[in-house]
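Structure record follows, encoded as structure tokens.
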Amino acid sequence: MLTDEGPLLVSGPVEVVLPDGSRVRSDRPVSALCMCRRSRRQPFCDTSHRRKVRQDEGG
Amino acid sequence: MTTVLRTSRPRLVEPPALPEPRGPLSAAVIGSLRRGPEILPPVEVTEPYGDDLQLALYCLYELHYRGFAGVEDDLEWEPSLLTVRAAMERVFLDALHDDVSPSDGSIDAVDAELESLLVEPLEARGVSHHLRREGERWQLREYVAHRSLYHLKEADPQAWVIARLDGPAKAALVTVEHDEYGAGNPDRMHAHLFAEMMLALALDASYGAYLDATPAQTLAEVNLMSLCGLHRALRGALIGQFAMVELTSSPGSDRLVRAMRRLDLPDAAVEFYAEHIEADAVHEQLVRRGVIAPLLAAEPALARDIVFGIRASGFLAERFGDLLLERWAEGRSALRHPLPDAPPIRPAAS
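If you're matching them up, the sequences are chains B and Y in order. Just so you know, our numbering puts 34 at position 19 of the first sequence, and the rest follows in order with no gaps. Just so you know, our numbering puts 978 at position 183 of the second sequence, and the rest follows in order with no gaps.
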């Protein structure tokens, strides 16, 4: 499933081949793959796509 | 799929010891658990978020999880204890309803509430922010000791709600819970990862070890989960509580990982929060899209309680965070019995 604001949700264990040829495996029932390229835990989502707000903006 | 499980050796598990009472109500409840039902004092006069009520409630809820050493299993359904529990729950819930603003009960209000949790405040105040920036090792260990009351039974309070859901909401909730329980691998179970972290931080990882040490603010957060999990009528609030945790945990976990790396703590300690960065980025999506959306389609009347669950758990989380930050700012422990590496209790100023 492609979410509108964030990651791609993939069911079942997934193995992702990274640009350097290394393989990363996730055994989760569902994995969230980063689409925004901002994650520091590539290729997985770490919620870095979230909007940052200053305290006085509320939220 | 064939997976060889690197299973921890099965071992005998002892239930924890009963805690020390903290007032007349908890003394009567703990006395009843130890010696059989006793006359219980009136609940109405008790401070809703105070140590006495929160500990008494915690002990009664614990009968539904692992029980206590020397306490009969059958007391779980003892009518006199259930009666006093119901009175305490009423006091606790009434206080929460007074302290959090009500929603208009619309589905839009749920969406707006969830939306507000999906932004990251910069320079925010909070325990994980403090620990990332300048937290000390003893403060991090203390935080973990507080958290152990929930995380050593992580996902258990939310498992109660499974039987109360149906269709897609149930399937998605079970998917999240399955991941919490290690997706079939006991060594990846979140409660197990938490215990491993405790051992790596030289803390006592046995279930309930820090019950006597934890203040009412810590107990109240766990009690809210048990309360909402055990009552079908509060299933909406339970889902709200679950959403609150799953939506806010990933960035908070990232800050805790950075705090631990800054403090040069071992990988075995870091793994629990590192796992939660990725896991809760998934769970956030599943809870919003998989659980809440179909649940509201099936039972729109739950909208008000979902918002209540989010706000009540946020309110209690803030009380807990405030306590830790206030005490730490004074150079003091926020545990009732400080860990050995906490600053010594200073003599009163003369």
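By construction, the Cβ of each residue, glycine as well, lies at the ideal position given by its N, Cα and C atoms. What you are looking at is a predicted structure, and each value in this text was computed from that prediction instead of being measured.
Could you give the distance in angstroms between the alpha-carbon of Y/D903 and the alpha-carbon of Y/E910?
Residue numbering aside, residue 903 of chain Y sits at position 108 when the second sequence is read from its first letter. Residue numbering aside, residue 910 of chain Y sits at position 115 when the second sequence is read from its first letter. Their backbone Cα atoms lie some 10 Å apart in a straight line.
Any beta carbon of chain B sitting closer than 8 Å to that of Y/H973?
Mapped onto the second sequence, residue 973 of chain Y falls at position 178. Chain B contact via Cβ: present.
Closer than 6 Å by C-beta to Y/H946: which residues in its own chain qualify, once you throw out the five before and the five after it? Chain order, please.
Working through the second sequence from its first residue, we reach residue 946 of chain Y at position 151. The residues are F989.
Quick one: what does DSSP say Y/V866 is sitting in, helix, strand or coil?
Sequence index remark: in the second sequence, residue 866 of chain Y carries index 71 (1-based). The DSSP-derived three-state label of Y/V866 is coil.
What is the C-beta distance between Y/P1138 and Y/G1126, in whole angstroms, given that I count them as a contact (C-beta under 8 Å)?
In the second sequence, the residue the question calls residue 1138 of chain Y occupies position 343. In the second sequence, the residue the question calls residue 1126 of chain Y occupies position 331. Between Y/G1126 and Y/P1138 the Cβ distance is about 5 Å, and since that is below 8 Å, they are a contact.
Within chain Y, partners of B/P22 - CB distance below 9 Å
The residue labelled residue 22 of chain B in the question sits at position 7 within the first sequence. Correct list: A1076, V1077, Q1080.
Is it the case that the region 1087 to 1103 of chain Y contacts the region 1055 to 1075 of chain Y, given that we only count it when at least three CB pairs across the two stretches are under 8 Å?
no
Straight-line Cα distance separating Y/A1000 from Y/R1131:
Start at 1 with the first residue of the second sequence, and residue 1131 of chain Y comes out as number 336. Start at 1 with the first residue of the second sequence, and residue 1000 of chain Y comes out as number 205. Y/R1131 and Y/A1000 have their C-alpha atoms some 18 Å from each other.
N-terminal and C-terminal residue of the beta strand (DSSP E) that B/V68 is part of
Working through the first sequence from its first residue, we reach residue 68 of chain B at position 53. Per DSSP, the continuous beta strand (DSSP E) segment holding B/V68 begins and ends at 66 to 68.
Mind checking Y/S1128: buried by the 16 CB within 10 Å criterion, or exposed?
If you number the second sequence from 1, residue 1128 of chain Y lands on position 333. Buried, because 16 or more other Cβ atoms sit within 10 Å of the Cβ of Y/S1128.
Could you give the distance in angstroms between the alpha-carbon of Y/D982 and the alpha-carbon of Y/I825?
As a first step, residue 982 of chain Y must be located in the second sequence, where it is residue number 187. As a first step, residue 825 of chain Y must be located in the second sequence, where it is residue number 30. Rounded to the nearest angstrom, the two C-alpha atoms are 34 Å apart.
Kindly indicate which residue of Y/P810, Y/A1032, Y/P832 has the alpha-carbon position closest to the one of Y/E1094.
Along the second sequence, read from residue 1 onward, the residue named residue 1094 of chain Y stands at position 299. Per the Cα distances, Y/A1032.
Is B/V45 closer than 8 Å to Y/L968 when the C-beta atoms are compared?
Counting from 1 along the second sequence, the entry for residue 968 of chain Y is found at position 173. Counting from 1 along the first sequence, the entry for residue 45 of chain B is found at position 30. Result no, Cβ atoms of Y/L968 and B/V45 do not sit closer than 8 Å.
Grouping DSSP H, G and I as helix and E and B as strand, with all else coil, what is Y/P1139?
One-based indexing of the second sequence puts residue 1139 of chain Y at position 344. In the structure shown, Y/P1139 sits in coil (DSSP, three-state: anything other than H, G, I, E or B).
Check whether chain Y comes within 8 Å of B/D35, counting only Cβ atoms and requiring the distance to be less than that.
The sequence position of residue 35 of chain B within the first sequence is 20, counting from 1. Not an interface residue.
Y/E1113: buried (16+ other C-beta within 10 angstroms of its C-beta) or exposed?
Your numbering for residue 1113 of chain Y matches position 318 in the second sequence. That one is exposed.
The beta strand (DSSP E) that contains Y/P1133, what's its start and end?
In the second sequence, counting from the first residue as 1, residue 1133 of chain Y sits at position 338. Segment: none, Y/P1133 is in no beta strand (DSSP E) and carries neither H nor E.
Is the Cβ of B/C60 closer than 8 Å to any Cβ of chain Y?
Here the question's residue 60 of chain B lines up with position 45 in the first sequence. Closer than 8 Å: yes.
Leaving aside the five residues before and after Y/G845 along the sequence, list all residues of the same chain whose C-beta is less than 7 Å from its C-beta, in chain order.
Locating residue 845 of chain Y in the second sequence gives position 50, counting from the first residue. The residues are A1011.
Validate contact between the region 828 to 839 of chain Y and the region 862 to 872 of chain Y using beta carbons, cut 8 Å, 3 pairs
yes
Can you tell me whether Y/L1119 sits near the ligand GDP, meaning its C-beta is under 7 Å from at least one heavy atom of the ligand?
Looking for the ligand GDP in the displayed structure turns up nothing, as the structure carries no ligands at all.
Between the alpha carbons of Y/G862 and Y/P810, how many angstroms are there, rounded?
On the second sequence, residue 862 of chain Y is found 67 positions in, with the first residue counted as 1. On the second sequence, residue 810 of chain Y is found 15 positions in, with the first residue counted as 1. Cα-Cα distance, rounded: 6 Å.
Per DSSP, cross-strand counterpart(s) of B/L23
On the first sequence, position 8 is the one that residue 23 of chain B refers to. Note: B/L23 sits in a beta bridge opposite B/L17, B/L48.
Among residues of its own chain, excluding the 5 on either side of Y/A822, which ones have a beta-carbon nearer than 8 Å to its beta-carbon?
Taking the first residue of the second sequence as position 1, residue 822 of chain Y is located at position 27. Excluding sequence neighbours, Y/A822 sits near P816.
Assumed close pair Y/G1116, Y/V895 - CB separation to whole angstroms, cut-off 8 Å
In the second sequence, residue 1116 of chain Y corresponds to position 321, counting from 1. In the second sequence, residue 895 of chain Y corresponds to position 100, counting from 1. Contact doesn't hold; Cβ gap of about 16 Å is too wide.
The alpha helix (DSSP H) with Y/R1056 in it runs from where to where?
Indexing the second sequence from 1 puts residue 1056 of chain Y at position 261. Where Y/R1056 is concerned, the enclosing alpha helix (DSSP H) stretches over 1030 to 1057.
Using only alpha-carbon positions, find the residue among Y/T841, Y/I1105, Y/W955, Y/Y860 that is nearest to Y/E884.
What you label residue 884 of chain Y is simply residue 89 of the second sequence in a count that begins at 1. Ranking Y/T841, Y/I1105, Y/W955, Y/Y860 by Cα distance to Y/E884 puts Y/T841 first.
Opposite B/R40 in the DSSP bridges: which residues?
By one-based count along the first sequence, residue 40 of chain B stands at place 25. B/R40 pairs with B/E30.
Quick one: is B/K67 buried, meaning 16 or more other Cβ sit within 10 Å of its Cβ, or exposed?
As a working mapping, residue 67 of chain B is identified with position 52 in the first sequence. Answer is exposed; the Cβ neighbour count stays below 16.
Mind listing which residues of the region 42 to 53 of chain B have their C-beta closer than 8 Å to chain Y's C-betas, in chain order?
D42, R43, P44, V45, S46, A47
Could you give the first and the last residue of the continuous alpha helix (DSSP H) run that contains Y/V914?
Position 119 of the second sequence holds residue 914 of chain Y. Y/V914 -> not in any alpha helix (DSSP H); beta strand (DSSP E) instead, spanning 914 to 916.
Whose CA, out of Y/E1121, Y/D951, Y/Y1002, lies closest to the CA of Y/L1019?
What you label residue 1019 of chain Y is simply residue 224 of the second sequence in a count that begins at 1. Closest by alpha carbon: Y/D951.
Kindly list, in the order they appear in chain B, the residues whose Cβ is closer than 9 Å to that of Y/I1051.
Translated into the one-based positions of the second sequence, residue 1051 of chain Y becomes position 256. Just to set this straight, residue 1051 of chain Y is Leu in the shown sequence, not Ile. Near Y/L1051 there are no residues of chain B at all, since even the closest Cβ is about 13 Å away, more than 9 Å.
Taking the alpha-carbon positions, what's the Y/Q953 to Y/H1078 distance?
What you label residue 953 of chain Y is simply residue 158 of the second sequence in a count that begins at 1. What you label residue 1078 of chain Y is simply residue 283 of the second sequence in a count that begins at 1. Computed Cα separation, rounded: 13 Å.
List, in chain order, every chain Y residue whose beta-carbon is nearer than 8 Å to that of B/R65.
As a first step, residue 65 of chain B is located in the first sequence; it is residue number 50 there, counting from the start. Taking the beta carbon of B/R65 as reference, the chain Y residues within 8 Å of it are L913, V914, E915, P1046, listed in sequence order.
Quick one: using the 10 Å Cβ neighbour count with 16 as the cut-off for buried, is Y/W872 buried or exposed?
Indexing the second sequence from 1 puts residue 872 of chain Y at position 77. It is exposed - the Cβ of Y/W872 has fewer than 16 other Cβ atoms within 10 Å.
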